[in-house]
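Chemist: In my numbering, the protein residues as written are 235 to 345.
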Amino acid sequence: MANHRGAQHGRGKETTTATLPAVLSVAREINEPRYPSFMGIRKANKAIIPSWTGGDLGLSAGQVGKAGSVMVWVDMRKPAARATECVMIKADTVEQQASILMDRLLADKVL
Numbered sequence: 235m236a237n238h239r240g241a242q243h244g245r246g247k248e249t250t251t252a253t254l255p256a257v258l259s260v261a262r263e264i265n266e267p268r269y270p271s272f273m274g275i276r277k278a279n280k281a282i283i284p285s286w287t288g289g290d291l292g293l294s295a296g297q298v299g300k301a302g303s304v305m306v307w308v309d310m311r312k313p314a315a316r317a318t319e320c321v322m323i324k325a326d327t328v329e330q331q332a333s334i335l336m337d338r339l340l341a342d343k344v345l
């Protein structure tokens with residue numbers, strides 16, 4: 235069995251194939267976005283991006299949209315809101331407020 239993963243690098247795409255089980259290591263910077271250069275932004279503004287319809291791709295109406303979907307939504311709901319309590323710390327000075335806050339955080343074993 236092989237695992238195929240694609241990664242985009244600049245202008246191309248790299249596909250790595252490995253026999254499972256496999257050990258992979260990923261750099262820490264994997265999720266840091268690469269910002270385009272000024273010239274890259276200028277080229278992107280001039281780029282013509284094609285727009286295709288299902289007919290352009292040779293697809294019938296039954297192959298696209300809800301009719302062609304293999305996924306059926308059964309239920310969708312909003313998760314329950316978490317109950318939170320906001321407590322305003324009142325004191326004469328900021329230092330006293332900070333002291334009270336530290337005492338409460340230590341008492342609740344947050345710090």
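Virtual Cβ for every residue (Gly too), placed ideally from N, Cα, C.
What whole-angstrom Cβ distance do P270 and A278 have, given they're in contact under 8 Å?
Modeler: Yes, they are in contact, since the Cβ atoms of P270 and A278 sit about 7 Å apart, within 8 Å.
Chemist: What did DSSP end up calling A314 once you bin it into helix, strand or coil?
Modeler: If DSSP states are grouped into helix, strand and coil, A314 belongs with coil.
Chemist: Taking 7 Å as the limit between beta carbons, can you name the residues of its chain near A301, skipping five residues before and five after?
Modeler: Same-chain partners within the cutoff: A295.
Chemist: Suppose you measure from the CA of P255 to the CA of C320; what does that come to, to the nearest Å?
Modeler: Roughly 49 Å separates the two Cα atoms.
Chemist: Report whether the distance from the Cβ of P284 to the nearest heavy atom of the ligand NAD is below 8 Å.
Modeler: The ligand NAD is absent from the structure shown, which contains no ligand whatsoever.
Chemist: Under three-state DSSP, which class holds A341?
Modeler: Three-state DSSP puts A341 in a helix.
Chemist: Among the residues of its own chain, which have a CB less than 7 Å from the CB of I348, if the five just before and after it don't count?
Modeler: Since the displayed the chain opens at 235 and closes at 345, residue 348 lies outside it and no answer follows.
Chemist: Apart from the five residues just before and just after T327, which ones in its own chain have a Cβ nearer than 6 Å to its Cβ?
Modeler: Taken in chain order, the list of residues that qualify is empty.
Chemist: DSSP on A332, reduced to helix/strand/coil?
Modeler: Note: A332 maps to helix in three-state DSSP.
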